[in-house]
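Worksheet: one structure, shown below.
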Amino acid sequence: MQSDVFSSADSLQSLWGMFEDMLEHLPDTQVYCLIDALDECENESALLVLKKFNKLIEAKSTIKLIAVSRRHPEHIAESLSSAIPVEIDSELAAKDDVKRYITDRVGHLAQIKGITNKPLHRQIENVFLTKAQDTFLWVSFMTHELLPKTVVLIEAALDQLPTGLDAVYGRILAQVDPEKADTISKLLVWVVLAARPLAVSEICRALYIQPTPFVEREQVCMDYIRACGHLLQVTQVEACLFSGLDCKCDDGLSEEDGKQYQQQVTLVHQSAKDYLLNNEADIKTKFHVRDLQSIHEKIATRLMEEIENGCVEDAGDYPHWPLSWRLEWPLGLYAVRNWDYHFLQVSDYEAFMQSHEDFFSERSALREKWYVCRDGVHHDNDPSLLGIACEFGWEGPTRRLLQLRTEQFGSREVEDYVNQCFGFVRSTPLEVALEIGPLSMVKLLLEYGADPARSQSSFYHFCTRLDDPTMFTQIVASGGARELLEAEGAEVLSIAAAHRNANICRLLIETYGVPVDVESGSQGEQHSLPPSLSETWSLHTCLSTSGTQAPMTIFNCSEAS
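In full-length UniProt numbering, the protein residues as written are 1 to 561.
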């Protein structure tokens, strides 16, 4: 189950469902939730998480939320309108903490150098207080830099210490060997923009780093990494062979206690990423990452080269990638599982798809091999491009694809196209989009004629996943969905209630007149809403506000399974 949660396009929805289930098992318990480093989350995702917490706080008085963000902390208060804010003067507290840290680190340095309580000891502390700009990381960097020096050299170096982290990073890059600058610039691009941390061997393959007559290519790559000083860090991590996570197995694995380990490259801190992405004129260098769309296109092209050149030929089915394949294609896993992360951020989808026509044709053996390698699913025929796009949430490319088909074949053909079934279970694109998301993909398919009535389960999936009356109304207004609702309204209401979608329940009862208790089936069975509702959530409010008298079985929570 973890595999599905963390690899699906709608993982947040799945995780949030788990979180809500956990809370329901703690109905009378005060629950504290801490969100740290919210600013390191993509802005859209961060706002979505805060919106979900806001709705949760409205419904539950037992939730206490603590959210921390270095940048734009005002977004937290704006998004959590239902919460009572408690402001903490964290800036003043942080300054005091940094002062104590400086006293400790400089005191340790002074003890090693034999200058405790001497004038140089106090001078070092004063310089650190002036130049650290209240950042712990700066103190750590500069203490490490002064440690190997003699006391005479330490005194001489104090005036040359950079002020603040940006100056530290700038000094590092200014000292890069010009002969290495081009490769280091590309290396930093990959580290900054990668969807996940990369292994040393993956970077070697991505940049075509070659070995020398006596030095392996990983060691050559490490030389470039060390030239980046404090910007990058290399850690040895266990190579994850579990299929549900982005495995990063490579030819640089070492074994310890029967486990496999690899060297992973990351930025030392979020501030390093902020610095490299900062394009202000006064600090811009050749190492700064500019024109993100163009760079993502170059990365996507490089990864597509791996796929087109054969990395999916002998990969085997997900998750059983053979070791021989991982050794031959160190960048293969990243290419197979993450190329589309970069593809979705290019500026011209059409041009990219035309450049890789073999993969993006309507039926593609290459795309089928990639799909099997990525998810281990075999189709009875090649999966359609639209079906794959919906499954992986390629909204921008899907819009362009449908625009081009409309221009070429007309709207009638496109309407048939978006309602075609595909895959092993013969799903429609709308059915897949409703089940996986995002919602904007659902809207796009409806815009081009997707008919919910073509697949009854797609209509039910909507009630299972969502509680959006506006979207529900739009779906009911399209195709034959209204007729489907009239025939199966009680079942739809039952599913919506079972998933606690109060807004949809209210809409079904008040607007569409779905009866709460109806006869259904050939045997004239009595059909009522299931009692499997949480004690912390009641449908009574929804029904009572509409004046509907509901069967008592609806509220008999003791019968819930």
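The beta-carbon is built from N, C-alpha and C at its ideal position, and this holds for glycine as well. The structure displayed is predicted, hence computed values, not measured ones.
C-beta atoms of residue i and residue j nearer than 9 angstroms
i	j	result
Leu193	Leu333	no
Ile299	Trp370	no
Leu158	Ile115	no
Leu439	Met471	yes
Ser82	Lys55	yes
Pro515	Gly489	yes
Leu276	Leu188	yes
residue 564	Thr511	In the structure as shown, the chain starts at 1 and stops at 561, and residue 564 therefore has no counterpart that could be examined.
Val31	Leu38	no
Leu400	Glu362	Note that residue 400 corresponds to Arg in the displayed sequence, not to Leu. Against a cut-off of 9 angstroms, the Cβ pair of Glu362 and Arg400 comes out as no contact.
Arg405	Val414	yes
Glu305	His342	no
Val191	Thr266	yes
Phe128	Arg105	yes
The alpha helix (DSSP H) enclosing residue i, as first and last residue numbers
i	result
Thr473	Pro469 to Val476
Lys64	Premise fails: Lys64 lies in the beta strand (DSSP E), Ile63 to Ala67, not in any alpha helix (DSSP H).
Gln236	First-last for Gln236: Leu232 to Glu238, but that is the beta strand (DSSP E), not the alpha helix (DSSP H).
Ile225	Arg217 to Arg226
Lys51	Asn43 to Ala59
Phe141	Phe136 to Leu146
Asp166	Gly164 to Ala174
Thr301	Leu292 to Glu306
Lys186	Pro178 to Leu193
Glu391	Leu385 to Glu391
Gln354	Tyr349 to Ser355
Leu446	Leu439 to Glu447
Thr398	Glu395 to Phe409
Leu323	Leu323 to Glu328
Spatially closest choice to residue i from the options, by CA coordinates
i	options	result
Ser347	Ser384, Pro322, Trp321 and Ser294	Ser294
Asn501	Ile475, Asp468 and Glu483	Asp468
His144	Glu435, Ile299 and Ile102	Ile102
Ile388	Gln403, Leu366 and Thr406	Leu366
Leu327	Leu434, Glu350, Cys204 and Glu362	Cys204
Cys390	Gln420, Glu413 and Ser411	Gln420
Pro148	Leu109, Asn338 and Glu407	Leu109
Ile57	Val516, Ile84, Val220 and Tyr224	Ile84
Lys180	Ser411, Ala497, Arg226 and Val191	Arg226
Ala195	Cys221, Ile495 and Leu303	Leu303
Tyr224	Asp177, Cys41 and Gly410	Asp177
Gln175	Thr398, Lys286, Ile66 and Ala315	Lys286
Trp321	Asp375, Arg412, Lys273 and Ser355	Asp375
Same chain, Cβ closer than 7 angstroms to residue i, neighbours up to 5 away in sequence not counted
i	result
Gln523	For Gln523, the predicted model reports a pLDDT of 38, less than 50, meaning its position is unreliable; a value from the coordinates is still stated below. Closer than 7 angstroms at the Cβ level, and outside the excluded window around Gln523, lies no residue.
Glu20	none
Val312	Val336, Lys369, Trp370 and Cys373
Ile172	Cys228, Gly229, His230 and Leu231
Val168	Trp138, Phe141, Pro162 and His230
residue 564	Limits of the chain in this structure are 1 at one end and 561 at the other, which puts residue 564 out of reach.
His269	Leu137
Ser79	Leu47, Leu50, Lys51 and Asn54
Glu155	Leu120
Phe422	Pro383, Ser384 and Gly387
Thr212	Val220
Sequence-distant residues of the same chain with beta carbon closer than 6 angstroms to residue i, five excluded per side
i	result
Thr235	Gln264
Leu207	Lys186
Ile66	Leu34
Lys131	Leu161 and Thr163
Bounding residues of the beta strand (DSSP E) (the contiguous stretch that carries residue i)
i	result
Cys421	Where Cys421 is concerned, there is no enclosing beta strand (DSSP E), given that its DSSP letter is neither H nor E.
Ile35	Val31 to Ile35
Anticipated Cβ contact below 8 angstroms, residue i with residue j, distance rounded
i	j	result
Cys33	Ile63	7 angstroms
Val237	Gln262	6 angstroms
Leu331	Gly396	Not confirmed; about 25 angstroms, so no contact.
Leu12	Ser45	7 angstroms
Asp314	Trp394	Not confirmed; about 26 angstroms, so no contact.
Ala113	Val152	According to the sequence displayed, residue 113 carries Lys and not Ala. Not quite, the Cβ-Cβ distance comes to about 11 angstroms (not below 8 angstroms), so this is no contact.
Ala496	Ile509	No, Ala496 and Ile509 are not in contact; Cβ-Cβ is about 10 angstroms, not under 8 angstroms.
Asp96	Val68	17 angstroms between Cβ atoms; not a contact.
Thr398	Met441	7 angstroms
Val418	Tyr448	5 angstroms
Same chain only: Cβ atoms within 8 angstroms of residue i, ignoring 5 sequence neighbours per side
i	result
Thr135	Val98, Gly164, Leu165 and Ser271
Glu483	Ala453
Asn279	His288 and Arg290
Glu486	none
Ala94	Asp134
Min CB distance residue i to chain C below 9 angstroms
i	result
Trp329	In the displayed structure, chain C is absent; only one protein chain is listed.
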